[in-house]
Amino acid sequence: MLHRTRAWIAAAMLFGLAASAHAQRPKTCLVLGGGGARGAAHIGVLKVLEREHVPIDCIAGTSMGAIVGGLYAAGYSADQIQDILQRIDWKDMFRDDPPREDLPMRRKRDELRFLGGIELGLHDGRIALPRGVIQGQKMQLLLRRLLLSTHQIPDFDHLPIPFRAVATEIGTGRKVVFSKGDLALAIRASMSVPGAFAPIRYRGHLMVDGGMVDNVPIDLAREMGAQRMIVVDVSQPLAAEKELNSPFHIANQMLTVMMKRETDKQLATLGPDDILITPALGDLTSASFDRASQAIELGEQAAQKSASSLQRDAVDVATYARFAAAHHPAPFDPPLIAFLDVLHDGSRTSGYIEQRLSDEVGRRFDPRRLDKAIGRAYGYGTYQRIAYDLEERDGKTGLKVEPVDKDWGPNYLRFGMRLSDNFAGRNSYRLFTEANLTGLNDHGGQLRNRVQLGEVTELFSEFLQPFGKRGRFYVAPYLQYRAYDVPLQGGGSINYAEYRQHRSRAALELGWTPNAMWQLSAALERGHDSTRLRVGLPVFPNFSSDFGGVLLRVSHDSLDSSAFPSRGTRLDLSQEILLRQLGSPDTQRISRLRWDTALSSGANHLLLGASAHSASGSPRDIRFIDYGALGGLTHLSGYADNQIYARQTALARAVYYRRLTNAQHLFSVPVYLGGSLEAGGDWDKRSQIGRDPIFAGSLFLGIDTYLGPIFLGYGQAQGGHRALYLTFGSLLRSDE
């Protein structure tokens, strides 16, 4: 008993000495300020702290400081955070939609029609705009995936390193400190830069970037008990007067002035034992995410200059080893998903999300697979965000998914245009307007109404209803009126007549989309065709008749861009079968084919393509609806747009284009220089297709703008056909 008592006394003395030694070391907190991409410098500072064996007792962060600080507090090392940051495709991260190849086929077709365009919301009878350029969907999913180890740690004091994040409640302007709850959501709220990232609603309040009220939260570290602080300030400096040359720059300067004033107050409270590190980041801006590696290096250099001051907080090897052993993400074992709970409060179409994610139940949780499934559902185009969390219920783990509709919807107006001028008196334009009414029922019903003016006049109304498991099937009744001019030309490209072709129809389409890249559809159609002479010589008699038939279509689209694709394939094959039994004057088949494949190597891109239009039989009357069109830049260059009309047309082409601007720069405008070689023509009969083709070629300069691609080019074709082009359009075409 005496020996046991002595052992207890000895152990207590050792414990007391250790506790005393620990008490002698001041509680050291790390304060990481906001600064957008400049905040990558925080990682360099962390690398020096680890190298110098400086353990951190608590962290307070704002914006980018909250991201880096939150990951470090969750147990990631500096090298791991650097690896994460450098692996992020920032261009993709700042696009909420999934990659184009994962978009629904309907949205891919819309892209070809609108080519950028402008979308406005209709909310409560008023025009509405998004609250941010970026909704932050991909960033939120990334943070959720990185911080899965913390989903059962609701108190941030129980993380490997205690942590706080700062956000601003935009409705009142008050500072909000996150000390508990959802760590991923807290970080996302802290980094919602006004105007760039949309605010996020948390517990009924709208949150934006914490830098608005506390960009370098020194006071927050003191509240956490900090006795000594290591503060990293990466704030954007004020711009020189000569740089304030636009309303945007003036507004940004005003925001920077307000943030700087508050930051200076905080920095003024630092004591002699605190360490301030201000990396010399030079011309790196808050948007220079493509230069993150440079920012990390500059942060490391700045911290190394303060190494002698940091060393006083260093500990011996054994003590730091204990800190490092406890500093790691909590173990996470992917559970079996037992149930799916989709919240209904924030979305009119939660049933659609249930359809899309139903396959997750009964499978082992895979965050990357789930991210992809959520991304495809998000691509439907009506959601502001789709978030998820893991939830425990009755000893089982399931998915809790929260879809939130766009708050500037649920109805939308979209505008687009196409312009073409051959500088020889032939020009055309198309203006598009579409009103899209979404969320008409729980499973994603939509009503789409389109008006097109210009070269083509169109009125179109369609009700789209997805159904079936994962929403792979759809039914779409629609009404359409379409009219366009058909010029008839003689030698020298002189028009001697121009007809107006009209088609009105009602159709019922049934389709199946097995995945995001394929669509098969069949439509039963009934309508009326008419052709009227508009000006010139009456070469053909006017024509009018009813028609009825079946339209079969197979579509595949895996192209990564509708403007200047670099990879993927697009195939559109349709067969329109006009039947006497359904009201057509003749039984006839009209076949249409479009195929494009994109290849690339670095800045060099090659687009190989072919198209064909073929009408069978010999109808009693001339119907230009049976005719296909050729002409235009890279579509038999040298001819004007749609200059050639015939019942049989075909085209093969190879288009090369090289990007002139740096694709790695986050905000560079894509500019391309290219050319094409083409062979094609028009024929009267199918058996003649391919005989005596017309060869053509072009050179062009292309720019991918917010409103769509713009081309300035020159084309020449056999027979002395030459044309200059100024075109707002695409290298791709659609029959719609």
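Counting with mature numbering (1 follows the signal peptide of the UniProt record, and there is no 0), you get residues -23 to -1, 1 to 713 for the letters of the sequence shown. C-beta atoms are modelled at their ideal positions from N, C-alpha and C, and glycine is treated no differently. Note that the structure is a prediction, hence the values are computed from the model and not measured.
Specify the secondary structure class of residue -15 as computed by DSSP and reduced to three states.
Note that residue -15 scores a pLDDT of 34, beneath 50, so its modelled location is shaky and nothing firm can be said.
Residue burial classification, residue 206 (beta-carbon count within 10 angstroms, cutoff 16)
Under this definition residue 206 is a buried residue.
Starting from the C-beta of residue 658, find all residues in its chain whose C-beta is less than 6 Å away, skip the five residues before and the five after it, and write them out in chain order.
Excluding the 5 residues flanking it on each side, residue 658 has same chain C-beta neighbours closer than 6 Å at 670 and 671, in chain order.
C-beta atoms of residue 451 and residue 457 nearer than 8 Å
If you check the CB distance, residue 451 and residue 457 do not come in under 8 Å.
If you drop the 5 nearest sequence neighbours on each side, which residues of the same chain put their C-beta closer than 6 Å to that of residue 302?
none
Taking residue 572 and residue 586 to be in contact with their CB atoms under 8 Å, please state how far apart those CB atoms are, rounded to whole angstroms.
6 Å
Leaving out the 5 sequence neighbours to the left and right, which residues in its chain are closer than 7 Å to residue 407 when beta-carbon positions are compared?
394, 395, 429, 431, 432 and 433
Check each candidate in 336, 624 and 330 and name the one with the smallest Cα separation from residue 314.
Taking each of 336, 624 and 330 in turn and checking the Cα distance to residue 314, the smallest one comes out for 336.
In chain order, which continuous runs of the beta strand (DSSP E) of length 3 or greater are located wholly inside the stretch 418 to 476?
423 to 431, 433 to 444 and 450 to 466
Report the rounded CA-to-CA distance for residue -14 versus residue 211, giving the unit in angstroms.
Reliability fails at residue -14, whose pLDDT of 36 lies under 50, so the model's placement of it is uncertain and the value that follows must be treated cautiously. Rounded to whole angstroms, the gap between the alpha carbons of residue -14 and residue 211 is 49 Å.
Under a three-way DSSP split, which group does residue 591 fall into?
Note: residue 591 maps to strand in three-state DSSP.
Grab me the residues of residue 306's own chain with a C-beta within less than 7 Å of its C-beta, minus the 5 sequence neighbours each way, in chain order.
Taken in chain order, the residues that qualify are 51, 52, 53 and 126.
The stretch 290 to 298 / the stretch 354 to 365 touching (three or more Cβ pairs under 8 Å):
At 8 Å Cβ cutoff, the stretches do not touch.
Pick from 631, 509, 422 and 374 that is closest to residue 518, judged by C-alpha positions
509
For the stretch 14 to 28 against the stretch 230 to 237, do three or more pairs of beta-carbon atoms, one drawn from each stretch, fall closer than 8 Å, so that the two count as touching?
no
Residue range of the unbroken beta strand (DSSP E) whose run includes residue 660
648 to 660
Can you grab the Cα-Cα spacing for the pair residue 656 / residue 674, in whole Å?
Taking the straight line joining both Cα atoms gives about 9 Å.
Would you list the residues sitting across from residue 498 in a DSSP beta bridge?
488 and 530
Assigned secondary structure, residue 695 (DSSP; H/G/I helix, E/B strand, else coil):
coil
Helix, strand or coil, according to DSSP, for residue 128 in the structure here?
Judged by DSSP in its simplified three-state form, residue 128 adopts coil rather than helix or strand.
On the DSSP bridge list, what partners appear for residue 572?
548 and 587
Simplified DSSP assignment, three categories, for residue 135:
helix
Nearest-angstrom Cα distance between residue 425 and residue 499?
19 Å
DSSP state of residue 19 mapped onto helix, strand, coil
helix
Which residues share a DSSP beta bridge with residue 686?
Answer by DSSP bridge pairing, in chain order: 681.
Assign residue 184 to one of three DSSP states: helix, strand, or coil.
strand
First and last residue of the beta strand (DSSP E) that includes residue 211?
That residue, residue 211, is in no beta strand (DSSP E); it is neither H nor E in DSSP.
Should residue 60 be labelled buried (16 or more other beta-carbon atoms within 10 Å of its own) or exposed?
exposed
For the beta strand (DSSP E) that contains residue 404, what are its first and last residues?
404 to 414
So, helix, strand or coil for residue 222, using DSSP?
coil
So residue 186 and residue 168 are supposed to be a Cβ contact under 8 Å. How far apart are they, rounded?
6 Å
Please confirm if the stretch 275 to 289 is in contact with the stretch 368 to 385, defined as three or more CB-CB distances below 8 Å between the two stretches.
no
Taking three-plus beta-carbon pairs below 8 Å as touching, is the stretch 521 to 534 in contact with the stretch 621 to 629?
no
Give me the Cα-Cα distance between residue 15 and residue 361, rounded to the nearest whole angstrom.
27 Å
Distance, residue 165 Cα to residue 177 Cα:
8 Å
Between which two residues does the beta strand (DSSP E) containing residue 638 stretch?
No beta strand (DSSP E) holds residue 638; DSSP gives it neither H nor E.
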